[in-house]
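Residue 286, in our numbering, is where the sequence shown stops; the numbers in between run on with no holes. Every residue, glycine too, gets a C-beta built ideally from N, C-alpha and C. Okay, so here's the structure we're looking at.
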Amino acid sequence: MRYPIAAVAVLITAGVVAVPAQAAPAEGAYWRVEVVRTADHPRPVGSGYTVTQRSVSVDWQTPGGKAWSAYRELGARPKTAKDEAAWKADGSPTSWTYRTEGMKISLSTEPGKGRVGPVKGRPAGKFRMGEKWVTYAQLQALPTEPETLRARVVADVRAWIDAAAEEAKTTDPSAKKEDWLAHLDRYVAEHMTHLLYENPVPFKVRSAAYQALKTTKGVSDLGQAKDPLNRSGQKVALPVYERKSSVLKEQFIVDTKTMTLLARYVDLQDGGKQLAGKSGVETYKVGWTDDKPAVPAAG
């Protein structure tokens, strides 16, 4: 449930330790992660105004490793008062259609029907963490001390870098491992944010991940802030990621009472110009629930 930013399409793995005799009990039937994404459409529509698109995705996972996912478009709206005036001058259309690169693109002001269904191709009883499949018991056994967790993640990120660098050489002989190592702190910080929402890890693991995140080199503590849903949390900024002409800036708001993610802000620029559609904000609702998987509400 992340933006499709090719420059940082990084899957890093968390380490696991020996499975304990008994894992901590779940606090509900499903670990649920809801993400509402808001972003500008990547090109003007109608007479040349900008619209903002919203969508929602939800994932459910049981302690036994079964999973469901859902998705729904929430509709497009003019971005600013100026855009709204241009939209009204166009006759207040409720849909837009155009073609680009041989593809037909359709937008609507109305929410889509949405869909929900089981996740296929998933090993029985397993959870995806980076490039590994682990059990619920292994999730519960992740380190709860910040520096121990950091050491585990750093070791696994370095192992990933070794493999990625070797694979890159098959298509680019000039590829160097140092290109990845230059962003080691960034990768470690990004992984810590995944531990704050992605899988049903214990509160103490999330707390350790947050503490490790805050003290990772290049991470900035921006103080108390409110997300788009008016929820309060602590805001942090990850190290800036630069590659050729692309610059990625990410900020997160964390609920320090539950140690779960509230919001993620993305600013991706290329050649100094922000890339609409790949920049935007996500709001998160994370936690245990007994509510069964269903198509997300249209609101």
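Check whether residue i and residue j have beta carbons under 9 Å apart
i    : j    : result
R251 : Y228 : no
K69  : Y123 : no
V38  : Y58  : no
Q127 : P189 : yes
V273 : E21  : yes
A263 : P29  : yes
D48  : T25  : Sequence inspection shows Gln at residue 48; the Asp mentioned does not correspond to that position. Cβ distance not < 9 Å, so Q48 and T25 don't count as in contact.
A16  : K279 : yes
K201 : V223 : yes
G62  : E88  : no
Rounded straight-line distance, which links the Cα of residue j to that of residue i
i    : j    : result
V6   : R139 : With a pLDDT of only 35 at V6, under 50, the local geometry of the prediction cannot be trusted, and the value read off the model is given with reservation. C-alpha separation (whole angstroms): 16 Å.
W18  : P105 : 14 Å
W275 : A284 : 18 Å
A281 : F239 : 27 Å
E269 : A212 : 15 Å
L216 : S266 : 18 Å
G259 : S232 : 8 Å
E134 : A196 : 9 Å
E14  : A54  : 16 Å
P226 : S194 : 20 Å
R230 : A169 : 11 Å
W83  : E60  : 14 Å
S56  : R86  : 29 Å
A111 : G52  : 6 Å
V241 : Q221 : 5 Å
S79  : D27  : 18 Å
P130 : D143 : 14 Å
P187 : G33  : 44 Å
E153 : T81  : 50 Å
A1   : V45  : Interpretation of A1 is limited by its pLDDT of 33, a score under 50 that renders its predicted location unreliable; no figure is taken from the coordinates.
V121 : K236 : 30 Å
S219 : G210 : 11 Å
I92  : E132 : 48 Å
T158 : E177 : 26 Å
K156 : P50  : 39 Å
V141 : V175 : 6 Å
V23  : D257 : 25 Å
K113 : R137 : 23 Å
G108 : Q125 : 20 Å
G286 : P160 : 50 Å
M90  : P31  : 16 Å
D277 : M179 : 27 Å
L171 : S95  : 41 Å
L255 : R173 : 15 Å
A151 : T67  : 43 Å
D214 : Q261 : 21 Å
Cross-strand partners of residue i (DSSP beta bridge)
i    : result
E269 : R24 and R251
G274 : R19
M116 : K119
L94  : W83
P280 : Note: P280 sits in no beta bridge, so no partner.
V103 : A57
Beta carbon proximity, residue i to chain D, threshold 9 Å
i    : result
W167 : The displayed structure is made up of one protein chain only, and chain D is not part of it.
Proximity test, residue i beta-carbon vs the ligand SAM heavy atom, cut-off 8 Å
i   : result
V32 : For the ligand SAM, the structure offers nothing, since it holds no ligand at all.
(message) When you compare the segment 237 to 246 with the segment 180 to 199, are there three or more beta-carbon pairs, one atom per stretch, that lie closer than 8 Å?
(response) yes
(request) Quick one: which unbroken alpha helix (DSSP H) runs of 4-plus residues sit fully inside the segment 184 to 264? Chain order, please. (result) 190 to 201
(request) Run through the segment 17 to 78 for me and flag every whole beta strand (DSSP E) of 3 or more residues, listed as ranges in chain order. (result) 17 to 27, 38 to 48 and 54 to 65
(message) For the pair the segment 71 to 86 and the segment 100 to 120, tell me if three or more CB-CB distances fall below 8 Å.
(response) no
(request) For the segment 204 to 212 and the segment 145 to 160, state whether three or more C-beta atom pairs, one from each stretch, are separated by less than 8 Å. (result) no
(request) Evaluate contact between the segment 161 to 177 and the segment 88 to 106, counting only Cβ atoms and requiring at least three cross-stretch pairs below 8 Å. (result) no
(message) In chain order, what are the residue ranges of uninterrupted alpha helix (DSSP H) at least 4 long that sit wholly in the segment 121 to 145?
(response) 123 to 127
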